[in-house]
Amino acid sequence: QQRPAVPEGLRRPPGPRGFPVLGNVLELRKDTHLALARLSRRYGDVMEVRIGSRPVLVLSGLDTIRQALVRQAEDFMGRPDLPSFRFVADGQSMAFSPDSGDVWKARKKMAQNALKSFSVAPSPTSSSTCLLEEHVSKEAEYLVTKFLQLMEDEKRFEPYQYLVVSVTNVICAMCFGRRYEHDDQELLSLVNSAQQFDDVAAIGNPADFIPLLQYLPSRSMKLFIDFNRYFLSFLQKIVKEHYETYDENNIRDITDSLIEQCLDKKVETKTAMQIPKEKIVNLVNDIFGAGFDTVTLALSWSLMYLVTYPDIQRKIQEELDQRIGRERRPRLSDRGSLPYTEAFILEMFRHSSFVPFTIPHSTTKDTVLNGCYIPKDTCVFINQWQVNHDEKLWKDPESFNPERFLSADGSRLNKEDGEKVLLFGLGKRRCIGETIARWQVFLFLATLLQQLEFSLCEGHKADLTPLYSLTLRHKRCEHFQARQRFAIKGGS
Ligand code: HEM
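Residue numbers for the sequence shown follow UniProt numbering, so the first one is 38 and each next one is one higher.
Spelled out as structure tokens, the structure:
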């Protein structure tokens with residue numbers, strides 16, 4: 038590939054010499070987040086690797102990443118045109134497609150408006166603070182019953198398969214106003230295929246960078262394409278039903294709200310960037326796709342840590358008993374008075390770093406970072422895992438210790454330390470579901486832990502080894518047990 042000349046006074050980002058044709062693929066193909074964190078110790082926060090013949094900029098270190106994504110936000114807000122991303126939402130994904138101009142901006146605004154109205158905005162019709170609280174409380178309560186029933190019937194269970202349906206039900210309630218049973222086969226086959234998406238969309242997948250590989254038959258690529266098609270057609274059906282029953286005087290959910298915004302000629306999305314209504318399903322695809330698997334992973338990793346560190350689980354439960362008691366269920370407004378629970382969630386985000394990289398970025402123009410020249414259209418990887426395990430930021434980063442986020446007497450959460458945890462990206466491309474995700478994780482965990490104590494069957498240990506893909510997953514564990522902590526007076 039022809040490289041542009043570096044202007045005088047600047048330098049090319051340093052990086053390891055790669056092999057001809059392959060570049061650095063061999064060093065990066067396994068546990069890419071670890072390999073790149075290791076290389077960054079040698080080459081620094083702004084480093085260049087080659088995947089195949091394509092140069093890729095890799096950013097590490099919180100200050101450098103803040104500089105790029107926040108202070109030089111415009112320069113670094115693009116998305117690269119990667120072959121696998123063209124299959125997501127038919128090439129029309131807001132999150133994965135190469136567009137970062139006016140259409141992306143209009144879509145993002147619509148998605149944010151719709152999300153807000155049906156999640157965290159005050160609910161006019163319910164006794165809950167907001168619809169999100171209502172949906173999560175209901176699903177978490179259902180999970181408690183489900184886990185206890187599984188204990189009675191089978192004496193043990195594998196939690197992921199139940200968490201994923203509960204979390205999906207929350208996003209389904211917001212997007213479409215519907216709920217699925219835990220044995221609904223159509224939903225199960227969809228949510229259980231998330232791994233097929235993550236395997237191919239994994240950051241640094243050689244097939245995205247080495248053209249020859251795109252012409253070789255690949256089972257994982259076929260599964261990925263099938264998954265994306267199935268996902269879109271599943272949503273298409275529901276969106277179509279919404280059109281057929283749409284009533285502008287009764288906006289029922291996120292899908293209706295998106296239809297309404299498309300039809301509203303007044304909104305700024307007018308003129309050149311008006312979103313045609315056929316494209317709504319792609320936006321729903323983004324919200325739904327990003328919303329079910331990530332939150333499920335957060336809860337699933339949480340349970341793995343809780344059974345590995347029973348003392349930490351006990352401390353959360355003591356805090357819940359003290360601050361909330363046993364007479365009422367936790368609410369979102371309890372967040373501020375449960376610092377240890379909040380510290381646990383931050384430590385689970387940091388330690389697992391289950392979204393190890395952001396979605397890849399690309400430069401929208403020639404730019405300079407830390408004295409290095411970076412041409413337009415350079416693909417950029419942001420190593421979130423490295424930030425969360427950086428010895429310069431964290432004492433003993435490999436140990437799991439929620440107390441690192443608390444004041445010395447344990448009474449206060451240290452907000453500044455919390456902001457050092459990088460899991461939702463930063464700047465213009467920052468996750469639009471961050472608040473919803475954090476609130477969901479809190480309320481699910483608080484509701485489950487108020488009532489249940491989790492452990493593993495005797496003789497079993499949780500395997501916390503992360504398996505690399507777009508996300509970091511743990512092996513599923515079938516040896517979970519749950520014990521009811523106290524008899525519930527009058528249900529919820
Ligand atoms: C983007 C993390 C939950 C919607 C992202 C990005 C990350 C992320 C790392 C990419 C940022 C970048 O490229 O710089 C997470 C985590 C979650 C979570 C860790 C849960 C714990 C959600 C939820 C929703 C959502 C619940 C929606 C309801 C999105 C969308 C984008 C995005 C639409 C694309 C933004 C864009 O490209 O402009 N998320 N996310 N996410 N997320 Fe999330």
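Glycine included, each C-beta is placed from N, C-alpha and C at the ideal position.
Model, not experiment: these values are computed from the prediction.
Span of the alpha helix (DSSP H), counted from its first residue to its last, around residue i
i	result
Pro393	From DSSP, Pro393 is part of no alpha helix (DSSP H); its letter is neither H nor E.
Glu355	Pro347 to Arg360
Where residue i falls: helix, strand or coil (DSSP)
i	result
Arg520	strand
Val62	helix
Tyr280	helix
Thr306	Unreliable positioning characterises Thr306 in this predicted model, as indicated by a pLDDT of 48, which lies under 50. A coordinate reading is not provided.
residue 574	No answer is possible for residue 574: the residues shown for the chain start at 38 and end at 529.
Pro120	helix
Val43	coil
Asp323	helix
Ile291	helix
His426	coil
Arg103	helix
Leu383	helix
Glu364	coil
Phe268	helix
Glu189	helix
Asn150	helix
Phe329	helix
Phe133	coil
Leu71	helix
Ala110	coil
Ile262	helix
Leu375	coil
Glu285	coil
Asp301	coil
Strand pairing of residue i, partner residues [DSSP]
i	result
Lys416	The residue asked about is misnamed: residue 416 is Cys in this sequence, not Lys. Note: Cys416 sits in a beta bridge opposite Val93 and Ser399.
Cys409	Arg48 and Leu406
Pro313	None; Pro313 has no bridge partner.
Phe56	Gly60
Pro159	Cys167
Gly115	Ser399
Phe194	Phe517
Val140	Answer by DSSP bridge pairing: none, since Val140 is not bridged.
Val83	Leu96
At a cut of 8 Å, does the region 350-370 reach the region 479-498 through at least three beta carbon pairs? yes
Contained alpha helix (DSSP H) runs [length at least 4] in the region 432-519, N- to C-terminal order: 452-455 and 471-488
Runs of 4 residues minimum, wholly inside the region 215-258: which ones carry the alpha helix (DSSP H) assignment? 222-228, 231-238 and 248-251
Three or more beta-carbon pairs under 8 Å between the region 459-466 and the region 111-122, yes or no? yes
Is there contact here, the region 135-142 with the region 442-450, by at least three beta-carbon pairs under 8 Å? no
When you compare the region 127-137 with the region 489-509, are there three or more beta-carbon pairs, one atom per stretch, that lie closer than 8 Å? no
Would you be able to state if there are at least three C-beta pairs under 8 Å between the region 412-427 and the region 388-399? yes
Tell me whether the region 336-345 and the region 143-154 touch, counting them as touching only if at least three CB pairs, one residue from each stretch, are closer than 8 Å. no
Tell me whether the region 75-89 and the region 45-55 touch, counting them as touching only if at least three CB pairs, one residue from each stretch, are closer than 8 Å. yes
With contact counted as at least three CB pairs below 8 Å, one residue from each stretch, are the region 314-329 and the region 264-274 in contact? yes
Could you say if the region 114-132 and the region 233-252 meet the contact criterion of at least three C-beta pairs nearer than 8 Å? yes
Tell me, please, whether the region 58-67 touches the region 87-100 by the rule of three or more beta-carbon pairs shorter than 8 Å. yes
Using 8 Å as the Cβ pair cut-off and three pairs as the minimum, do the region 225-238 and the region 176-189 touch? no
Using a Cβ distance threshold of 8 Å, determine whether the region 212-222 contacts the region 278-292, with at least three qualifying pairs required. yes
Counting pairs of Cβ atoms below 8 Å between the region 197-211 and the region 322-333, do you hit three or more? yes
How about the region 64-73 and the region 413-424: do they share at least three Cβ pairs that are nearer than 8 Å? yes
If we count Cβ pairs, one from each stretch, closer than 8 Å, do we get three or more for the region 188-199 versus the region 517-524? yes
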